[in-house]
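Structure record follows, encoded as structure tokens.
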Amino acid sequence: MASTHGAHQILVASNRGPVSYEVREDGSLHAKRGGGGLVSGLSAIGPDAGALWVCAALGDGDREAVRRGVGEDGVRMLDIDAEVHADAYNGIANSVLWFVHHMLYQTPLEPAFDAEFRRQWASYETYNRAFAEALADEAASGASVLVQDYHLTLVPGMLRELRPDLRIGHFSHTPWAPVDYFRMLPDDIAEQVLRGMLGADRLGFLTHRWASAFTACCDALVGGVGDTRIGVHGLGADADFLRRRSHEADVDERMAALREQIGTTSDGAPRKAVVRVDRTELSKNIVRGLLAYRQLLEDQPSWRERVVHVAFAYPSRQDLAVYRDYTAEVQRVADEINSRYGTADWTPVVLHVKDDFARSLAAYRLADVALVNPIRDGMNLVAKEVPVVSDEGCVLVLSREAGAHEELGEDAVTVNPYDVIGTARALHEALTMPVDERVRRTKRLAAAATALPPAQWFLEQLHALEA
Numbered sequence: 011m012a013s014t015h016g017a018h019q020i021l022v023a024s025n026r027g028p029v030s031y032e033v034r035e036d037g038s039l040h041a042k043r044g045g046g047g048l049v050s051g052l053s054a055i056g057p058d059a060g061a062l063w064v065c066a067a068l069g070d071g072d073r074e075a076v077r078r079g080v081g082e083d084g085v086r087m088l089d090i091d092a093e094v095h096a097d098a099y100n101g102i103a104n105s106v107l108w109f110v111h112h113m114l115y116q117t118p119l120e121p122a123f124d125a126e127f128r129r130q131w132a133s134y135e136t137y138n139r140a141f142a143e144a145l146a147d148e149a150a151s152g153a154s155v156l157v158q159d160y161h162l163t164l165v166p167g168m169l170r171e172l173r174p175d176l177r178i179g180h181f182s183h184t185p186w187a188p189v190d191y192f193r194m195l196p197d198d199i200a201e202q203v204l205r206g207m208l209g210a211d212r213l214g215f216l217t218h219r220w221a222s223a224f225t226a227c228c229d230a231l232v233g234g235v236g237d238t239r240i241g242v243h244g245l246g247a248d249a250d251f252l253r254r255r256s257h258e259a260d261v262d263e264r265m266a267a268l269r270e271q272i273g274t275t276s277d278g279a280p281r282k283a284v285v286r287v288d289r290t291e292l293s294k295n296i297v298r299g300l301l302a303y304r305q306l307l308e309d310q311p312s313w314r315e316r317v318v319h320v321a322f323a324y325p326s327r328q329d330l331a332v333y334r335d336y337t338a339e340v341q342r343v344a345d346e347i348n349s350r351y352g353t354a355d356w357t358p359v360v361l362h363v364k365d366d367f368a369r370s371l372a373a374y375r376l377a378d379v380a381l382v383n384p385i386r387d388g389m390n391l392v393a394k395e396v397p398v399v400s401d402e403g404c405v406l407v408l409s410r411e412a413g414a415h416e417e418l419g420e421d422a423v424t425v426n427p428y429d430v431i432g433t434a435r436a437l438h439e440a441l442t443m444p445v446d447e448r449v450r451r452t453k454r455l456a457a458a459a460t461a462l463p464p465a466q467w468f469l470e471q472l473h474a475l476e477a
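Residue numbers for the sequence shown follow my numbering, so the first one is 11 and each next one is one higher.
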């Protein structure tokens with residue numbers, strides 16, 4: 011429909027952009043740049059590519075920046091009404107679509123798709139339409155548009171109607187629900203999501219499993235995927251960045267502090283460290299991980315005073331009650347293990363809840379075992395990052411429900427995330443693995459984990475869309 015086309019040849023759309031703003035006490039705006047795969051990818055195509063990133067203004071600082079006309083080159087921030095954004099982001103994306111794809115519902119009680127859901131769904135449509143209209147407005151004739159994730163499932167279809175000349179891609183960073191679970195959504199909504207995504211020329215997924223689940227949903231609900239191409243791009247770890255960053259001074263300081271917290275056994279040997287680093291996201295399965303560690307101490311008393319579980323559980327989505335309750339349960343179980351098994355000079359669980367990237371890297375470097383046991387995960391980059399920065403080799407205990415398992419499963423110790431006793435056995439196997447085998451496996455894991463680094467991951471999708 012648009013008669014005047016924009017100037018941009020490559021456009022990325024995502025809920026969160028590469029920059030955020032805060033208003034300082036003196037009224038000035040402070041810009042903070044983010045990282046991640048998309049940022050790396052866009053920097054890889056260079057400043058002359060005519061790229062534009064369209065994102066939502068997320069906080070008061072972002073909205074103030076839009077109102078003042080302050081912005082970064084190559085970024086367009088959309089000041090979507092705060093209540094509309096809250097409905098779309100928390101109400102639908104994070105409380106419905108995320109729950110469906112990660113299979114998190116307690117189905118005797120939820121979901122109940124009532125009038126409030128329909129009201130929020132209308133906001134999700136409004137939010138998606140704002141993105142589609144901005145992209146249509148900014149894109150040059152025949153431009154390539156890469157839409158990101160479950161927040162923006164309707165954008166490809168909406169944009170296709172506005173600008174049939176564009177090449178449209180969409181990438182899903184989450185798992186995709188199997189047909190029977192996806193069909194929990196009201197029929198018209200399920201169809202709307204699928205048709206919205208099928209407005210794209212090409213859809214990308216992190217693993218073959220998630221791509222197949224999407225295709226199966228299309229076959230069952232809308233008669234197949236039509237002309238839309240499906241691709242798989244397994245996002246890898248950024249080895250160069252991680253290796254450099256993990257040897258900076260602040261990481262060395264935190265390693266020394268962690269070593270002191272972990273301590274030594276009565277004969278002076280350093281204790282073993284079982285490390286986990288996660289957001290307190292319901293899908294990450296932190297509570298069952300703690301229960302498995304408790305089971306290990308119960309079943310294998312010889313590990314008492316010889317191992318410490320270093321658990322980083324960084325707060326996530328604390329504006330949702332179910333997340334606050336989950337965070338409290340993580341703390342309760344950790345405290346219970348410490349009071350039951352701890353001694354004067356041994357704290358079985360060292361729990362940190364304040365986000366600290368340098369400390370996470372320190373834990374990666376000294377971990378003997380990394381526990382990555384999500385109920386379900388699109389990929390899980392922690393599983394890929396630990397082997398890359400590990401100093402002396404680390405055994406990866408990995409859930410078969412993590413997308414990363416598709417690439418790393420052969421060299422990990424695989425667990426069923428619901429099986430606490432099985433996970434406790436896997437921890438014992440990991441802790442007793444001979445050093446030479448552990449080192450060999452870590453090398454192979456690191457190679458697999460870095461096969462498709464972020465910049466390459468982005469460029470691969472762009473080239474596939476343009477092909």
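For each residue, glycine too, the CB sits at the ideal point set by N, CA and C. Keep in mind the model is a prediction, meaning the values are calculated, not measured.
Checklist entry - Comparing alpha-carbon positions, which option in Pro166, Gly79, Leu216 lies nearest Trp467? => result Leu216
Next on the checklist: Out of His180, Ala200, Gly419, Cys227, which one is the CA nearest neighbour of Met23?
Outcome noted: In the sequence on display, residue 23 carries Ala and not Met. When only C-alpha atoms are compared, the closest one is His180.
Checklist entry - Gly16 to Asp70, Cα distance in whole Å? => result 28 Å
Checklist entry - Measuring CA to CA, which of Arg281, Arg128, Arg212, Gly246 is closest to Gly236? => result Arg212
Next on the checklist: Quick check: does the Cβ of Ile90 come within less than 7 Å of any heavy atom belonging to the ligand SAH?
Outcome noted: Looking at this structure, you won't find the ligand SAH or any other ligand, since it has none at all.
Item to check | Alpha carbon of Arg316 to alpha carbon of Tyr374, nearest angstrom | outcome: 19 Å
Item to check | Integer-rounded CB distance, given that Gly81 should sit under 8 Å from Met87 | outcome: 6 Å
Item to check | For His183 and Met389, the rounded distance between their alpha carbons | outcome: 8 Å
Checklist entry - Would you call the stretch 286 to 305 and the stretch 375 to 384 touching, i.e. three or more CB-CB distances under 8 Å? => result yes
Checklist entry - CA-CA distance, Arg334 and Glu291? => result 10 Å
Item to check | Complete runs of the beta strand (DSSP E) confined to the stretch 236 to 290 [at least 3 residues] | outcome: 239 to 242, 282 to 289
Item to check | Residue burial classification, Lys294 (beta-carbon count within 10 angstroms, cutoff 16) | outcome: buried
Checklist entry - Which residue comes first and which comes last in the alpha helix (DSSP H) that contains Ile493? => result What the structure shows of the chain is the stretch from 11 to 477, and residue 493 is not part of that stretch, so it cannot be assessed.
Next on the checklist: Within 10 Å of its beta-carbon, does Thr353 have 16 or more other beta-carbons around it, so buried, or fewer, so exposed?
Outcome noted: exposed
Checklist entry - Would DSSP call Val220 helix, strand or coil? => result In the sequence on display, residue 220 carries Trp and not Val. The answer is helix: DSSP assigns Trp220 an H, G or I state.
Checklist entry - Nearest CA to the CA of Ile178: which residue from Trp131, Gly419, Ala149, Tyr191? => result Ala149
Checklist entry - Any idea if Leu119 is buried or exposed, counting beta-carbon neighbours within 10 angstroms, 16 or more meaning buried? => result exposed
Item to check | Boundaries (first-last residue) of the alpha helix (DSSP H) holding Arg86 | outcome: Careful: Arg86 lies outside any alpha helix (DSSP H), inside the beta strand (DSSP E) at 85 to 88.
Next on the checklist: As a quick exercise: from Leu330, Ala368, Asp248, Val318, pick the residue whose alpha carbon is nearest that of Ser50.
Outcome noted: Asp248
Checklist entry - Does the beta-carbon distance from Ala434 to Asp345 come in below 8 Å? => result no
Checklist entry - In this structure, what does DSSP give as the bridge partners for Thr353? => result Trp356
Checklist entry - By DSSP, does Val22 sit in helix, in strand, or in coil? => result strand
Next on the checklist: Could you tell me which whole beta strand (DSSP E) segments of length 3 or greater appear in the stretch 111 to 183?
Outcome noted: 149 to 158, 177 to 181
Item to check | Within 8 Å, strictly: CB atoms of Val155 and Leu21 | outcome: yes
Checklist entry - Going straight from the alpha carbon of Ile272 to that of Val360, what length do you get? => result 8 Å
Checklist entry - Who are the Cβ neighbours of Asp260 in its own chain at under 8 Å, not counting the five residues just before and after it? => result Ala368
Next on the checklist: Would the stretch 412 to 422 count as touching the stretch 325 to 340 if we require 3 or more Cβ pairs under 8 Å?
Outcome noted: no
Checklist entry - Are the beta-carbon atoms belonging to Ala283 and Leu376 less than 8 Å from one another? => result yes
Next on the checklist: With a threshold of 8 Å, are at least 3 pairs of Cβ atoms found where one atom belongs to the stretch 94 to 110 and the other to the stretch 122 to 136?
Outcome noted: yes
Item to check | Spatial distance of Met11 from Leu145 (CA atoms) | outcome: The pLDDT assigned to Met11 is 44, lower than 50, so where the model puts this residue is not dependable; a value taken from the coordinates is nonetheless given after this. Looking at the two C-alpha atoms, the distance is approximately 13 Å.
Checklist entry - Does DSSP put Gly214 in a helix, in a strand, or in coil? => result strand
Checklist entry - Among the residues of its own chain, which have a CB less than 7 Å from the CB of Asp72, if the five just before and after it don't count? => result Ser30, Tyr31, Met87
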